[in-house]
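Reading the sequence shown from the start, the letters are residues 5 to 275 in the working numbering.
All residues carry an ideal CB built from backbone N, CA and C; glycine is no exception.
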Amino acid sequence: MAEAQARQRGGNADEDSSSVEGGVRIEVDGEIATITLVRPEKRNAQTFATWSALARIGENLPEQVRVVVVKGEGPSFSAGIDLRMFTTEGVPGQGSFSSAAKSEGAGFEQRIRQAQAGFLWLRRPEIVSIAAVQGHAIGAGFQLALACDLRIVADDVSFCMKEPALGLVPDLTGTKPLVELVGLAKAIDICLTARTVHADEAMRIGLAEQVVAGGDLEQAVRDKVAQLLSTNRDAAAATKRLLQGAPGRTLEEQSVAEGMEQAARIKALFG
């Protein structure tokens, strides 16, 4: 793993590298990084190790990467939290929610923040993240898809925010993008009923940018990656910063931000 990460940090656009840790594989091919959950026998259920691996990928992502694709191996994207975490025994070597709840002071809250770090980096302005989602995307799996900028889904997708039905809340950074995508009322409906959202509804309410047949998912993602890489890298990052900041600004404030970004682009191109 250390050798692979060293290659990633020091590599150039012509190098390929890959590594596997915590049930997560990272493959870097020039400007494209592909993250794959590789526990198909568990429907890519997530554990503390999954979240730690995702966070480390974000910390070590090569500078040349512009597009990050997140997917799951096998028929499911991710069926959520590994159910062994709800048992007393927990996941070997990782403990359980029961053991974590007994942590002294702010230890458990810190562990949650560390898990969230594996999701937050997917929103960085300098990259565009795409979730390629098939089959189950439940709980933590749903939130991983929501952490990405775009979601291209297979027609068999099943989104479900299961946490409230388990006595928990969604805490892997999924609540804000869900509300922004579908609105408050629809987000309340989806979360507090823990119902399943299928492909047709996902497309209709804005959870998915594109729905394709399962066999066409890989090609649809490749096509979208090619489209994203066809634009100027620095202009794309600046535009994403503008779009991300827009909901929190007035029209006048957004106009000022646009002017500042454009001035920087013109100086870079023609100065």
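query: Distance, L124 Cα to A242 Cα; result: 19 Å
query: Nearest-angstrom Cβ-Cβ length linking S22 and E31, presumed shorter than 8 Å; result: 4 Å
query: Three-state class that DSSP yields for I131 in the structure shown; result: coil
query: Residue from V95, I85, P129 whose Cα sits closest to the Cα of V69; result: P129
query: Proximity of F112 and M89 at Cβ, strictly below 9 Å; result: no
query: Identity of the residues DSSP links to L41 by a beta bridge; result: V28, G76
query: Assigned exposure category for Q223 - 16 Cβ within 10 Å defines buried; result: exposed
query: Candidates Q50, A59, I134, G78: closest to S100 by CA position; result: Q50
query: Euclidean distance between Cα positions of I134 and E77; result: 15 Å
query: The stretch 177-189 in contact with the stretch 138-151 per 3-pair CB rule at 8 Å; result: yes
query: Which listed residue (S102, A110, G145) has its alpha carbon closest to that of T92; result: S102
query: Which of helix, strand or coil DSSP assigns to A158; result: strand
query: Which listed residue (K190, T197, D33, A217) has its alpha carbon closest to that of R208; result: K190
query: Complete alpha helix (DSSP H) runs within the stretch 184-242 (minimum length 4 residues, chain order); result: 188-197, 203-209, 221-233
query: Segment limits, beta strand (DSSP E) that includes I116; result: Run containing I116: none in the beta strand (DSSP E); it sits in the alpha helix (DSSP H), 111-124.
query: Spatial neighbours of T177 in its chain, beta-carbon cut-off 8 Å, leaving aside the 5 residues before and after; result: Q120, F123, L124, Q147, L150, A151
query: Three-state class that DSSP yields for G99 in the structure shown; result: strand
query: Nonlocal neighbours in the same chain, by C-beta distance under 8 Å from R253, ignoring five residues either side; result: A261
query: Inter-residue Cα distance where the pair is D238 and G249; result: 17 Å
query: I142 and C164 closer than 9 Å at C-beta; result: yes
query: Where Q138 sits in the DSSP three-state scheme; result: coil
query: Beta-carbon proximity of G26 to A83, cut-off 9 Å; result: no
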